[in-house]
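Peer 1: For reference, the structure I am asking about is given below.
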Amino acid sequence: MDTNTNRRPNAPRIVGMTLPMGSDPASVRARVTAMEHLLERSFVIPGVNVPVGLDALIGLIPVLGEIVTASMGAYIVWEARNLGLPRWKLARMGMNVLFDTAIGAIPVLGDAADFVFRSNTRNLKIILRHIDKHHPEARVIEG
């Protein structure tokens, strides 16, 4: 037992997260990455170790789930627009969200497709490539 917090050592931790509110590329990168993580990889299915997020879980609710996840995906596109991505990239991102929403509207197939087609991850990659190319000062070096 950890004497400082009276918790088991391997117990999940509640992490407080503050996101930057600026319009600079580094702030946008942090917000979009956090949203993608929440929508696509925030939980792990026990036993199979497959990451899922709110997109797959909320998508199980008919109609309302698709509306909520589409609006959260549209937020990522909106951030990309504010960042100054070209229209063709914005259109591609919008098509990713639209396709995910359309497939998700199909009762059983849509729920299975949420595990395979991750539109928010695709859109995050488009944004990160743009930021790395056009705003090198906002790069994050992982290692």
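Using the working numbering, you'd call the opening residue of the sequence shown number 21 and step up by one each time. Glycine included, C-beta positions come from ideal geometry on N, C-alpha and C.
1) With the cut-off set at 8 Å, would you say Ala-50 and Leu-39 are in Cβ contact?
2) If you run the structure through DSSP and keep just helix, strand and coil, what is Ile-65?
3) In the DSSP assignment, find the alpha helix (DSSP H) that holds Val-128 and state where it starts and stops.
4) If Gly-73 sits next to Glu-60, beta carbons under 8 Å apart, how far is it from one beta carbon to the other, in whole angstroms?
5) Going by the beta-carbon positions, is the gap between Val-173 and Ala-94 smaller than 8 Å?
6) Please confirm whether Ala-158 and Ala-46 have their CB atoms less than 8 Å apart.
7) Go ahead and pull the three-state DSSP assignment for Val-48.
Peer 2: According to the structure shown:
1) yes
2) strand
3) 127-136
4) 4 Å
5) Absent from the model: residue 173. The displayed extent of the chain is 21 to 163, so no value can be given.
6) yes
7) helix
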